[in-house]
Each structure stands twice: as C-alpha cells, then as structure tokens.
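Chains as they are written, first to last, in our numbering: chain A, 376 to 548; chain B, 148 to 338.
From the three backbone atoms N, C-alpha and C, an ideal C-beta is built for every residue, glycine too.
Note that this is a predicted model, so its numbers are computed, not measured.
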Amino acid sequence: MNKIGVVRALTLLLSAFAAVSPIIYGLGIHGWNIQAMVTPLYSPPKIDFRLEPSGLRFDGRYLYAEFKLTNLGEVKVVFEGFNVEAYGPDGKALAPAALDKPVTSQPGSTEILTLKVEVGEAALSRFASYLMEGRDRIRVEVRGESIIRVFGSKVTAPISSSFEISLADILKR
Amino acid sequence: MVLVKVLTLNNRFNLLGIASSLLLFYTALSNSPWWTMAGGMGDEFTFSAEVSPFNIAVQVLGKPVTVPILPYLNLAARLSILLAAVTIFVGSLLAGKPWSKPLMSLRGLTLPILFLAGLFIGLNLAKSFVGVGLPLVGKFTLEYSIPYAGGWIATETLADATLTQEYWTALAAGILSAIAKTVHGRVSESL
C-alpha cells in the first residue's frame with residue numbers, strides 16, 4: 376500500500392473511532408438499553424391551587440367576593456383577569472364579574488383574590504326573590520374563563536368557584 | 148494556477164486550510180448554540196432550546212428535558228470535528244507532500260448542512276406528532292389548546308427562533324475547508 380492509501384485508511388479509522396466510540400461508551404454505561412437511551416426524560420413542575428371563599432363586602436353597586444388563593448405548586452402564576460358570570464342557585468345568570476386587580480401568586484404563598492360582581496337592580500331583585508323563597512343564604516356560582524400568565528405565556532383556562540351570600544350581607548349594603 | 152500558488156505559498160502551505168482548521172477548532176471547542184428558540188415574555192420563558200451539534204439544552208416550564216443518548220452524540224460530533232480540524236491543519240502544513248491530500252476533510256462542511264437538515268426534520272416531526280408548527284427562524288405566536296374539565300385550556304406564547312452567529316461561523320469554516328480541499332487537489336496534481 377502506498378503512502379496515500381495508508382494516510383487515507385488511518386484517517387478513516389480515526390474518524391470512525393471518533394464517531395462511534397462515545398456512543399458505544401454511553402450504551403455500555405446505560406447497560407445497552409437503547410430504548411432508555413433515546414427516551415426523553417422530563418418531569419413537569421407541579422401546578423396546583425386551592426381557592427376558598429374568605430369574605431364578602433358591598434361597595435356601591437359592586438359586590439366584592441374575596442377568595443383565599445393558595446399556590447400549592449412550584450410555579451409562579453399571575454392572574455391577570457377573569458371573564459366570568461355569576462349564577463344564582465337556580466342556574467340563572469345574575470351579573471357579570473371580573474377580577475378586581477391582577478394577583479401574583481408565588482409558590483407556597485397565599486394571596487387574596489377579589490372578584491368584583493356588578494350588582495345592578497336586576498341582580499338585587501333576583502337576590503330578593505331568592506330570599507323570599509325562604510332561603511337564608513344564597514349560593515352564588517361564578518363560571519367563566521380566567522386569563523393567567525405562566526412563564527411568559529398567556530393561558531386562558533376555565534374557572535369555577537362559588538360563595539354564599541346572606542340576608543345580613545345584603546342589608547349591610 | 149497563479150492563485151493556487153499564492154494561496155499555498157508556492158505549493159508549500161495551504162493557507163485556506165490553515166484558516167479553516169483554526170475556525171473548526173474554535174467551532175468544536177465552543178459551547179455556544181447554533182440555533183436557539185425561546186417562547187415567553189421578558190425574562191420568563193415557557194420553553195427554550197439551545198442547540199448545537201456539541202451541546203443541546205432544552206427547558207420546558209423551567210425544567211430540563213433530557214435524552215440520555217444526546218451527550219454521547221454531542222461528544223462524537225465534537226471529536227469528529229476536532230479530528231477534522233487536526234487533519235486539515237496537518238495536511239495544510241504539509242501541502243507539498245502528495246500523501247497529505249486525504250487529510251483534507253469535508254466533515255466541517257457536512258456537519259452544518261446535516262445540522263440544518265436535522266433541525267428541519269425534527270421540527271416537522273414535532274408538527275406531525277404534537278400538532279405544533281415551529282418555524283426554523285423568525286418570530287411567531289405559538290397557540291396550543293388542551294381539553295380540560297369539559298372546556299379548553301388555551302395557551303398563547305410569543306416565540307422566536309434564530310440561527311446564531313456560531314452557526315454561520317461553522318458554515319464559513321466548512322465552506323473554507325471545501326475550497327481548501329479543492330486547492331489542495333490542484334497542488335497534488337501539480338506535484
């Protein structure tokens with residue numbers, strides 16, 4: 376074999392060694408389990424919240440329903456807005472509601488999230504009719520969508536929660 | 148032929164080969180990404196990918212996504228380019244020897260081309276498997292919906308994908324090495 380042939384063979388051999396040896400080494404370390412080697416590994420962060428009613432107050436024509444928001448997950452979430460509707464115990468729509476102000480929820484923290492319900496004359500008369508039916512407390516359900524920001528993404532997700540309002544709360548108004 | 152003589156200092160050194168090998172050394176020893184994609188706003192990223200043949204880092208919701216074989220493939224790519232840089236460098240210094248011709252490797256050019264092809268295939272696979280169309284370069288809004296509790300959770304993420312300066316440097320090194328190989332061939336013919 377001439378010199379050119381020797382050099383060509385040598386470079387080919389070295390190239391093959393450089394390309395193959397790390398992969399063989401890796402397979403050896405992982406017990407030649409090819410499936411495990413090519414399977415992506417990922418454990419997503421836990422995203423979990425607890426929302427519980429914590430208070431009510433009237434201010435002018437608005438009802439402010441406060442919720443205790445506990446972030447049980449590992450991710451910071453900013454609640455930017457709600458596009459929800461309040462429903463009476465008979466399932467009829469009472470009034471539109473929105474988030475009073477954006478709430479930033481850090482992992483492990485508890486924040487107060489305030490829902491602002493616009494209580495017009497129609498909603499008040501509905502409340503009155505529920506009370507006249509003999510109920511002493513009215514269960515109000517809010518359903519709709521929430522706009523939240525997680526890791527720089529805008530997320531629109533369904534939201535549903537409820538609170539109770541009593542005659543005393545309405546009279547305080 | 149005059150140009151070849153100039154570029155090889157009268158058939159002694161392959162100057163283009165030396166330049167390309169130095170660029171290849173830089174490329175192989177750098178950990179900077181060749182292609183990046185990030186989705187999110189401000190300093191918060193829903194996902195990010197920093198990809199080169201020598202290093203791949205992917206994060207989704209702040210957590211890394213790993214594939215165990217990738218570091219070994221990255222090492223193989225790095226060793227291959229380092230070897231190509233060494234052989235081109237040695238071959239360029241010994242341009243006057245007829246046996247130096249096989250030392251002039253084209254691997255420096257094939258890697259950036261294969262990288263781009265691999266990215267293209269990977270992004271198309273993502274489109275067919277996850278239903279998410281991701282462009283190779285440019286700004287875009289990624290919209291994705293998943294069913295949840297009788298409704299939908301809809302996400303909207305502003306994202307940006309770029310081929311970095313490092314990629315163009317690697318491609319320049321590859322093109323230079325291909326020209327150097329052609330020049331080397333002319334030198335060998337004239338010997």
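Could you give the DSSP three-state label for B:Trp182: helix, strand or coil? strand
In terms of residue numbering, what span does the alpha helix (DSSP H) encompassing B:Leu220 cover? 217-240
Look at the alpha carbon of B:Leu220 and the alpha carbon of B:Tyr291, and state the distance between them as a whole number of angstroms. Straight-line Cα distance between these residues: approximately 31 Å.
Which residues of chain A have a Cβ atom closer than 7 Å to the Cβ of B:Met188, listed in chain order? Gly527
Cα-Cα separation between A:Ala543 and B:Ala273, rounded to whole angstroms: 58 Å
Within 8 Å of any Cβ in chain B, is that where the Cβ of A:Pro479 sits? Residue identity check: residue 479 of chain A is Thr in the sequence provided, not Pro. False, the Cβ-Cβ gap to chain B never drops below 8 Å.
Reducing DSSP to helix, strand and coil, say where B:Asp307 ends up. Residue state, collapsed to three classes: strand.
Considering Cα atoms alone, identify which of B:Ile203, B:Ala306, B:Val330 is closest to B:Asp190. B:Ala306
Helix, strand or coil at B:Val149 [DSSP, three-state]: helix
Taking 8 Å as the CB-CB cut-off, is A:Ala440 touching chain B? Using a CB distance cut-off of 8 Å, A:Ala440 does not count as an interface residue toward chain B.
In terms of alpha-carbon separation, which member of A:Leu447, A:Phe502, A:Thr445 lies closest to A:Ala468? A:Phe502
Hey, B:Leu171 and B:Ile235 are a contact pair by Cβ (cut 8 Å); roughly how many whole angstroms apart? 7 Å
In this structure, what does DSSP give as the bridge partners for B:Ser324? According to DSSP, which records beta bridges pairwise, B:Ser324 is partnered with nothing at all.
Taking 8 Å as the threshold (beta carbon to beta carbon), is A:Arg579 in contact with chain B? Here chain A comprises residues numbered 376 to 548, so residue 579 of chain A is not present and cannot be evaluated.
Looking at chain A, is there any beta carbon in it that lies within less than 8 Å of the beta carbon of B:Leu253? no
Should A:Val395 and B:Pro249 be called a contact, given that it needs their Cβ atoms to be closer than 8 Å? Against a cut-off of 8 Å, the Cβ pair of B:Pro249 and A:Val395 comes out as no contact.
Let's see if you can read the secondary structure: which residues bound the beta strand (DSSP E) around B:Phe201? Neither: B:Phe201 is in no beta strand (DSSP E) and is coded neither H nor E.
Can you say whether A:Gly483 is buried or exposed, counting buried as having 16 or more other CB atoms within 10 angstroms of its CB? exposed
Whether B:Ser227 touches A:Ser390 by CB criterion (8 Å): yes
For A:Leu474, return the contacting residues in chain B, with the cut-off set at a CB-CB distance below 8 Å. None at all; the shortest Cβ gap to chain B is about 18 Å.
Any Cβ of chain B within less than 8 Å of the Cβ of A:Val413? yes
Coil, strand or helix - A:Asn408 by DSSP: coil
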